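Colleague:
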Amino acid sequence: RPSSFLGRGAPESLQHVGSVLGVSSCKGGVGKSTVAVNLAFALAERGARVGLLDADIHGPSLPSLVALEEGALPVTQRQDNKLLRPPQVGGVKLMSYGFVAKGASVGKVSAAVMRGPMVSKVVTQLLSGTEWGDLDYLLVDLPPGTSDVHLTMCQTFSLTAAVVVTTPQRLSRVDVFKGIDMWNELKVPVLAVVENMAYFKDPRGEVHHPFGKTQLEAVREYCRVPSDAAFRLPIDEGVTDACDQGVPIVVHRPQSETAAVIREAAKLL
Ligand code: ADP
Numbered sequence: 121r122p123s124s125f126l127g128r129g130a131p132e133s134l135q136h137v138g139s140v141l142g143v144s145s146c147k148g149g150v151g152k153s154t155v156a157v158n159l160a161f162a163l164a165e166r167g168a169r170v171g172l173l174d175a176d177i178h179g180p181s182l183p184s185l186v187a188l189e190e191g192a193l194p195v196t197q198r199q200d201n202k203l204l205r206p207p208q209v210g211g212v213k214l215m216s217y218g219f220v221a222k223g224a225s226v227g228k229v230s231a232a233v234m235r236g237p238m239v240s241k242v243v244t245q246l247l248s249g250t251e252w253g254d255l256d257y258l259l260v261d262l263p264p265g266t267s268d269v270h271l272t273m274c275q276t277f278s279l280t281a282a283v284v285v286t287t288p289q290r291l292s293r294v295d296v297f298k299g300i301d302m303w304n305e306l307k308v309p310v311l312a313v314v315e316n317m318a319y320f321k322d323p324r325g326e327v328h329h330p331f332g333k334t335q336l337e338a339v340r341e342y343c344r345v346p347s348d349a350a351f352r353l354p355i356d357e358g359v360t361d362a363c364d365q366g367v368p369i370v371v372h373r374p375q376s377e378t379a380a381v382i383r384e385a386a387k388l389l
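Quick note, in full-length UniProt numbering, the sequence shown goes up one by one and the last residue is 389.
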């Protein structure tokens with residue numbers, strides 16, 4: 121596993137973080153956060169020390185995807201160095217603008233009125249201002265598209281690698297390629313591609329493709345990742361159910377096909 125992340129300019133809070141992995145998608149609603157959260161929990165299940173930052177300031181989803189354990193501390197701030205203490209669930213350290221928006225010093229401005237540079241500043245603050253401690257992996261659930269946040273993150277911290285999440289929709293292919301171009305330009309290697317909502321199995325076991333046949337091979341080739349680094353996830357009511365429960369599907373339904381695919385993908389990180 122690369123541990124190249126420790127750039128000289130890395131802030132104190134990130135000095136003991138092994139890999140920082142960005143999870144990206146070209147559009148919203150494709151399941152990027154679902155994949156990011158489940159990869160984090162799949163890695164933790166294997167004994168890794170994991171952190172997860174929800175870098176989507178306009179639509180933070182982590183607070184609804186992962187319910188804090190009863191009695192878990194809300195985010196508190198250390199008096200001495202002002203670092204935010206992340207709440208933990210299943211051993212995963214979590215941070216989201218949604219946790220701090222009403223409390224700590226990074227959240228005094230409503231996300232709805234923030235402009236791009238401001239958003240990047242808040243993400244930077246969340247990343248460098250959280251007490252991550254010793255981590256093998258810090259996963260960053262990035263905002264959709266190719267935004268200021270991606271650039272700022274790469275310029276300020278340098279990401280170790282990225283995971284790209286797509287759907288089979290042909291329409292979005294150009295945008296997916298744009299996202300991959302961005303990673304190439306930023307010299308961030310793409311480790312895996314996940315095509316989410318790729319198919320649906322009805323109760324008789326018949327397979328349907330409501331969003332169209334797979335685009336995965338084209339995307340994989342464009343990313344230049346090997347075929348064992350390309351994954352397809354089904355449309356799975358278990359994902360919706362897990363989301364409603366605030367428990368990632370790898371924990372909620374560990375025997376499901378979705379959980380198995382996520383675990384395979386996590387092995388590559
Ligand atoms: P994004 O981060 O790309 O905006 P989310 O992970 O928040 O997307 O997912 C958007 C919605 O789609 C959520 O309600 C989520 O539960 C649902 N969803 C994501 N992946 C699947 C899937 N494979 N099967 C069923 N529902 C899914």
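Cβ atoms here follow ideal geometry from the backbone N, Cα and C, with glycine treated the same way. In this text the structure is predicted, and so the values were computed from the model without any measurement.
Going by DSSP, which residues form a beta bridge with serine 144?
Modeller: Taking the first residue of the sequence shown as 1, we reach residue 144 at position 24. The partner list for serine 144 (beta bridge, DSSP) reads Val284.
Colleague: Buried or exposed: glycine 332, going by 16 or more other Cβ atoms within 10 Å of its Cβ?
Modeller: To locate residue 332, count along the sequence shown from 1; it is residue 212. Burial call: exposed.
Colleague: State the start and end residues of the unbroken beta strand (DSSP E) segment that holds methionine 273.
Modeller: One-based indexing of the sequence shown puts residue 273 at position 153. Here methionine 273 belongs to no beta strand (DSSP E); instead the alpha helix (DSSP H) covers 268-276.
Colleague: Could you tell me if the beta carbon of isoleucine 177 falls within a distance shorter than 7 Å of some heavy atom in ligand 1?
Modeller: For the purposes of this step, residue 177 is taken as the residue at position 57 of the sequence shown. Because no heavy atom of ligand 1 lies under 7 Å away, the Cβ of isoleucine 177 does not count as near it: no.
Colleague: Which residues in the same chain as valine 260 place their Cβ atom closer than 6 Å to its Cβ, once the five residues preceding and following it in sequence are excluded?
Modeller: To locate residue 260, count along the sequence shown from 1; it is residue 140. Here the set comprises Gly142, Leu173 and Ala175.
Colleague: Among residues of its own chain, excluding the 5 on either side of arginine 121, which ones have a beta-carbon nearer than 8 Å to its beta-carbon?
Modeller: By 1-based counting over the sequence shown, the position of residue 121 is 1. Because arginine 121 carries a pLDDT of 38, less than 50, the predicted location of this residue cannot be relied on, and the following value inherits that uncertainty. Excluding residues within five positions, the ones whose Cβ falls inside 8 Å are Gly138, Ser139, Asp256 and Leu389.
Colleague: Along the beta strand (DSSP E) that carries arginine 352, what are the first and last residues, could you check?
Modeller: In the sequence shown, residue 352 corresponds to position 232, counting from 1. Per DSSP, arginine 352 belongs to the beta strand (DSSP E) from 350-354.
Colleague: Between which two residues does the beta strand (DSSP E) holding lysine 213 run?
Modeller: Within the sequence shown, residue 213 is the residue found at index 93, counting from 1. Here the beta strand (DSSP E) through lysine 213 covers 212-216.
Colleague: Just verifying my parser: in three-state terms, what is the DSSP assignment at residue 426?
Modeller: Given a span of 121 to 389 for the chain in the structure shown, any question on residue 426 remains unanswerable.
Colleague: According to DSSP, is residue 402 helix, strand or coil?
Modeller: In the structure displayed, the chain extends from 121 to 389; residue 402 sits before or after that span and is not available.
Colleague: Do phenylalanine 277 and leucine 311 have their C-beta atoms closer together than 8 Å?
Modeller: Locating residue 277 in the sequence shown gives position 157, counting from the first residue. Locating residue 311 in the sequence shown gives position 191, counting from the first residue. No, the Cβ-Cβ distance between phenylalanine 277 and leucine 311 is not below 8 Å.
Colleague: Say the cut is 7 Å; is the CB of aspartate 356 nearer than that to a heavy atom of ligand 1?
Modeller: Within the sequence shown, the letter at position 236 stands for residue 356. Flag set: Cβ of aspartate 356 near ligand 1.
Colleague: In this structure, does DSSP put aspartate 254 in helix, strand or coil?
Modeller: Position 134 of the sequence shown, counted from the start, is the residue given in the question as residue 254. Here aspartate 254 sits in coil by DSSP.
Colleague: Is it right to say valine 165 is buried, meaning 16 or more other beta carbons lie within 10 angstroms of its own, or is it exposed?
Modeller: Numbered from its first residue, the sequence shown carries residue 165 at position 45. What sits at residue 165 in the sequence shown is glutamate, not valine. So glutamate 165 ends up on the buried side.
Colleague: Can you list, in chain order, the residues of its chain whose CB lies under 6 Å from that of phenylalanine 351, leaving out five sequence neighbours each side?
Modeller: The residue you call residue 351 lines up with position 231 of the sequence shown. Counting only Cβ-Cβ distances below 6 Å, and skipping sequence neighbours, we find Val314, Val381 and Ala385.
Colleague: Whole angstroms are fine: how far does the CA of histidine 372 sit from the CA of leucine 296?
Modeller: Here residue 296 refers to the residue found at position 176 of the sequence shown. Here residue 372 refers to the residue found at position 252 of the sequence shown. At residue 296 the sequence reads valine, which differs from the leucine that was named. Distance between the alpha carbons of valine 296 and histidine 372: 30 Å.
Colleague: I'd like to confirm something about valine 359: is its beta-carbon nearer than 7 Å to some heavy atom of ligand 1, or not?
Modeller: Numbered from 1 along the sequence shown, position 239 holds the residue referred to as residue 359. Valine 359 Cβ: within cutoff of ligand 1.
Colleague: Are proline 180 and valine 195 touching if we call contact CB-CB under 8 Å?
Modeller: Numbered from its first residue, the sequence shown carries residue 180 at position 60. Numbered from its first residue, the sequence shown carries residue 195 at position 75. No.
Colleague: Count the other CB atoms within 10 Å of the CB of valine 294; is the residue buried (16 or more) or exposed (fewer)?
Modeller: Locating residue 294 in the sequence shown gives position 174, where the first residue counts as 1. The residue in question, valine 294, is exposed, as its Cβ has fewer than 16 Cβ neighbours within 10 Å.
Colleague: Check whether the Cβ of alanine 380 lies closer than 8 Å to any Cβ atom in chain B.
Modeller: Here there is only one protein chain, and chain B is not present.
Colleague: Closer than 7 Å: is that where the CB of aspartate 327 sits relative to any heavy atom of ligand 1?
Modeller: On the sequence shown, residue 327 is found 207 positions in, with the first residue counted as 1. Aspartate is not the amino acid found at residue 327; the sequence shown has valine there. Incorrect: valine 327 has no Cβ contact closer than 7 Å to ligand 1.
Colleague: Does DSSP classify glutamine 365 as helix, strand or coil?
Modeller: Here residue 365 refers to the residue found at position 245 when the sequence shown is read from its first residue. Glutamine 365 falls in the helix class under three-state DSSP.
Colleague: Name the DSSP bridge partner or partners of glutamate 315?
Modeller: Here residue 315 refers to the residue found at position 195 when the sequence shown is read from its first residue. The partner list for glutamate 315 (beta bridge, DSSP) reads Thr286 and Arg352.
Colleague: May I ask whether a heavy atom of ligand 1 can be found less than 7 Å away from the beta carbon of asparagine 316?
Modeller: Taking the first residue of the sequence shown as 1, we reach residue 316 at position 196. Result yes, Cβ under 7 Å from ligand 1.
Colleague: With distances taken from CA atoms, which of Val157, Val170 and Arg198 is nearest serine 184?
Modeller: Position 64 of the sequence shown, counting from 1, holds the residue named residue 184. Closest by alpha carbon: Val157.
Colleague: Since serine 145 and proline 264 should fall inside the 8 Å C-beta cutoff, what is the C-beta to C-beta distance between them, to a whole number of angstroms?
Modeller: Stepping through the sequence shown from its first residue, residue 145 is reached at position 25. Stepping through the sequence shown from its first residue, residue 264 is reached at position 144. Going by Cβ atoms, the distance from serine 145 to proline 264 rounds to 5 Å, so yes, they are a contact pair.
Colleague: Tell me whether aspartate 356 is buried or exposed, calling it buried when 16 or more other Cβ atoms sit within 10 Å of its Cβ.
Modeller: As a position in the sequence shown, residue 356 is number 236, starting the count at 1. Answer is buried; the Cβ neighbour count reaches 16.
Colleague: Is it true that the CB of phenylalanine 161 sits closer than 8 Å to the CB of proline 354?
Modeller: On the sequence shown, position 234 is the one that residue 354 refers to. On the sequence shown, position 41 is the one that residue 161 refers to. Not in contact: proline 354 and phenylalanine 161 (Cβ atoms no closer than 8 Å).
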